[in-house]
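Participant:
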Amino acid sequence: MPAEVLTEQVVFDESRFADIEGIVDPTNFGWPRSIETSEGLITLDAPPSKIHSLSLGHSEILAALVDFDRITAVYNFFLDQEQSNIAELSSDALMIGFDPEEVVALQPEVVIASRFTNPDNVALIKDAGIPVARTNLENSALGNVPNILLLGYLVGAEAESIALADEIRTRMQFISEGLGLKDNLKVLSVSKWTSIFAAGASSTEGGIIEQAGGINAAADAGIEGHQQVSIESIAAMNPDVIIVPQLREGADLFIEELMTNPALTEVKAVKDGEIHYVSPRFHTTLSHWNVRGVEELASLFFPSEFKNVNFVDFSNWRD
Numbered sequence: 000m001p002a003e004v005l006t007e008q009v010v011f012d013e014s015r016f017a018d019i020e021g022i023v024d025p026t027n028f029g030w031p032r033s034i035e036t037s038e039g040l041i042t043l044d045a046p047p048s049k050i051h052s053l054s055l056g057h058s059e060i061l062a063a064l065v066d067f068d069r070i071t072a073v074y075n076f077f078l079d080q081e082q083s084n085i086a087e088l089s090s091d092a093l094m095i096g097f098d099p100e101e102v103v104a105l106q107p108e109v110v111i112a113s114r115f116t117n118p119d120n121v122a123l124i125k126d127a128g129i130p131v132a133r134t135n136l137e138n139s140a141l142g143n144v145p146n147i148l149l150l151g152y153l154v155g156a157e158a159e160s161i162a163l164a165d166e167i168r169t170r171m172q173f174i175s176e177g178l179g180l181k182d183n184l185k186v187l188s189v190s191k192w193t194s195i196f197a198a199g200a201s202s203t204e205g206g207i208i209e210q211a212g213g214i215n216a217a218a219d220a221g222i223e224g225h226q227q228v229s230i231e232s233i234a235a236m237n238p239d240v241i242i243v244p245q246l247r248e249g250a251d252l253f254i255e256e257l258m259t260n261p262a263l264t265e266v267k268a269v270k271d272g273e274i275h276y277v278s279p280r281f282h283t284t285l286s287h288w289n290v291r292g293v294e295e296l297a298s299l300f301f302p303s304e305f306k307n308v309n310f311v312d313f314s315n316w317r318d
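Here numbering that gives the first Met the number 0 is used: the first residue of the sequence shown is 0, the next is one more, and so on.
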């Protein structure tokens, strides 16, 4: 992203929070303040200094809004530089395991959960008297903006959340304008562990493909979410481009397998050499960092339109 696009001054505008679902009184920017999520109503008497996030996506958002010292602890996968956009920040933080009793022992003032968080774990934390806010993380970069503003309001980082929301909008508009009326490529996102899985409709990877101007080949074939697929089904989908968002070592082996499999010799992506590793930290986390995945794919799909563009990473609060 051109640096000049990212240096605009942010004017705090209280009206930006008026329609954010979950804010009980969008005219109240003092303390105490309340929000309501699927876990019920919670009220904080002051900006929380001890925040615990149960998801990587929420932690990545919080890292952009507040000093990371306010995050009580991290999980081991937060330190994985291939999958986490806050690996460096997390390396200096307290690490805990996945037992909710460890969260309770930290005595956070508020816990942030996602829709994927185990409800039994949430119940245990709430039973200990710790307020929990369960907020959604969206596959769409722009769709995540209301969640970012809600989190900013909750932790007292309103201006920072507006700045991040505006940066997302600016970057996505830049991509949209660069795409113009280009022909859409059929793109397949696949990963291999013990079996091959494709990212279909309602998947993070699929949403990124579509926002970058591609057609999600798996969704086009009727696949919902992440589903196991065969080599033969990949051949039947016949994508123009294949992307592989998994750890580099496994990705390289899988790409070699795809390139050399006799059943795929007539697949356009194989014939054209359009099978690419993409960074999982941009494609498999649910936070504003997915915008970097959109930028990465837009550059891959339409190199002539973005050849002179230097896309930069997002900044965290400490940067």
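Glycine residues also receive a C-beta, built at the ideal position from the N, C-alpha and C atoms. It should be emphasised that the depicted structure is a prediction, and the values quoted were computed from it without experimental measurement.
Could you say if the stretch 145 to 159 and the stretch 35 to 47 meet the contact criterion of at least three C-beta pairs nearer than 8 Å?
Facilitator: Short answer: they touch.
Participant: Within 10 angstroms of the Cβ of A2, are there 16 or more other Cβ atoms? Answer buried if so, exposed if not.
Facilitator: Residue mapping note: residue 2 aligns to position 3 of the sequence shown, counting from 1. At A2 the pLDDT is 42, less than 50, meaning the model places this residue with poor confidence; the figure from the coordinates comes in the next sentence. Answer is exposed; the Cβ neighbour count stays below 16.
Participant: Does the separation of the CB atoms of A217 and A235 fall below 8 Å?
Facilitator: For this step, residue 217 is matched to residue 218 along the sequence shown. For this step, residue 235 is matched to residue 236 along the sequence shown. Cβ atoms of A217 and A235: not closer than 8 Å.
Participant: According to the neighbour-count rule (16 or more other Cβ atoms, all chains shown, within 10 Å of its Cβ), is K185 buried or exposed?
Facilitator: Counting from 1 along the sequence shown, the entry for residue 185 is found at position 186. Classification of K185: buried, given that the 10 Å Cβ count is 16 or more.
Participant: Drop a sphere of 10 angstroms on the beta-carbon of L40, count the other beta-carbons inside from all chains shown, and report buried for 16 or more, exposed for fewer.
Facilitator: By one-based count along the sequence shown, residue 40 stands at place 41. So L40 ends up on the exposed side.
Participant: From Q82, L88, H51, pick the residue whose C-alpha is nearest to that of I70; which is it?
Facilitator: As a working mapping, residue 70 is identified with position 71 in the sequence shown. Checking every option, the nearest Cα to that of I70 belongs to H51.
Participant: Drop a sphere of 10 angstroms on the beta-carbon of D18, count the other beta-carbons inside from all chains shown, and report buried for 16 or more, exposed for fewer.
Facilitator: Position 19 of the sequence shown holds residue 18. Answer is exposed; the Cβ neighbour count stays below 16.
Participant: With DSSP collapsed to three states, give me the class of V311.
Facilitator: Position 312 of the sequence shown, counted from the first residue, corresponds to residue 311. Here V311 sits in coil by DSSP.
Participant: In angstroms with no decimal places, state the Cα-to-Cα distance between K49 and N117.
Facilitator: Working through the sequence shown from its first residue, we reach residue 49 at position 50. Working through the sequence shown from its first residue, we reach residue 117 at position 118. K49 and N117: Cα-Cα distance of roughly 21 Å.
Participant: Reducing DSSP to helix, strand and coil, say where Y276 ends up.
Facilitator: Taking the first residue of the sequence shown as position 1, residue 276 is located at position 277. Y276: strand per DSSP, three-state reduction.
Participant: If contacts are defined as beta-carbon pairs under 8 Å, then G21 and L149 qualify, I think. What distance do you get, rounded to the angstrom?
Facilitator: On the sequence shown, position 22 is the one that residue 21 refers to. On the sequence shown, position 150 is the one that residue 149 refers to. Right, their Cβ atoms sit about 5 Å apart.
Participant: For the alpha helix (DSSP H) that F300 lies in, which residues bound it at each end?
Facilitator: The residue given as residue 300 occupies position 301 in the sequence shown. Taken as a continuous stretch (DSSP letters only), the alpha helix (DSSP H) holding F300 covers 289 to 300.
Participant: So, for S89: in the same chain, excluding its five sequence neighbours on each side, which residues have a beta-carbon less than 6 Å away from its beta-carbon?
Facilitator: In the sequence shown, residue 89 corresponds to position 90, counting from 1. Excluding sequence neighbours, S89 sits near V73, F77, L78.
Participant: Quick check on the DSSP output: the beta strand (DSSP E) that includes T42 runs from which residue to which?
Facilitator: Indexing the sequence shown from 1 puts residue 42 at position 43. Run containing T42: 39 to 43, per the beta strand (DSSP E) assignment.
Participant: Does DSSP classify S14 as helix, strand or coil?
Facilitator: Position 15 of the sequence shown holds residue 14. Note: S14 maps to helix in three-state DSSP.
Participant: Please report the residue range of the beta strand (DSSP E) in which T116 lies.
Facilitator: As a working mapping, residue 116 is identified with position 117 in the sequence shown. Element bounds for T116: n/a, residue is neither H nor E.
Participant: With three or more C-beta pairs closer than 8 Å as the rule, is the stretch 225 to 239 touching the stretch 254 to 268?
Facilitator: A contact exists between the stretch 254 to 268 and the stretch 225 to 239.
Participant: Among all the DSSP beta bridges, which residues are the ones paired with E304?
Facilitator: By one-based count along the sequence shown, residue 304 stands at place 305. According to DSSP, which records beta bridges pairwise, E304 is partnered with nothing at all.
Participant: Three or more beta-carbon pairs under 8 Å between the stretch 160 to 170 and the stretch 237 to 254, yes or no?
Facilitator: Output reads no: the stretch 237 to 254 does not touch the stretch 160 to 170.
Participant: Does the stretch 198 to 211 come close enough to the stretch 131 to 147 that 3 or more CB-CB pairs lie under 8 Å?
Facilitator: Yes, they touch.
Participant: L5 by DSSP, collapsed to three states: which one?
Facilitator: The residue labelled residue 5 in the question sits at position 6 within the sequence shown. Because the pLDDT of L5 is 47, which lies under 50, any placement of that residue in the model is unreliable, and the number read from its coordinates should be weighed accordingly. In this structure, L5 counts as helix in the three-state DSSP scheme.
Participant: Look at V269 and I174 and say whether their C-beta atoms are less than 8 Å apart.
Facilitator: Residue numbering aside, residue 269 sits at position 270 when the sequence shown is read from its first letter. Residue numbering aside, residue 174 sits at position 175 when the sequence shown is read from its first letter. Contact flag unset, no.
Participant: So what's V228 in DSSP terms, helix, strand or just coil?
Facilitator: As a first step, residue 228 is located in the sequence shown; it is residue number 229 there, counting from the start. DSSP places V228 in strand when its eight states are reduced to three.
Participant: Is R280 buried or exposed, if buried means 16 or more other CB atoms sit within 10 Å of its CB?
Facilitator: Against the sequence shown, residue 280 aligns to sequence position 281. It is buried - the Cβ of R280 has at least 16 other Cβ atoms within 10 Å.
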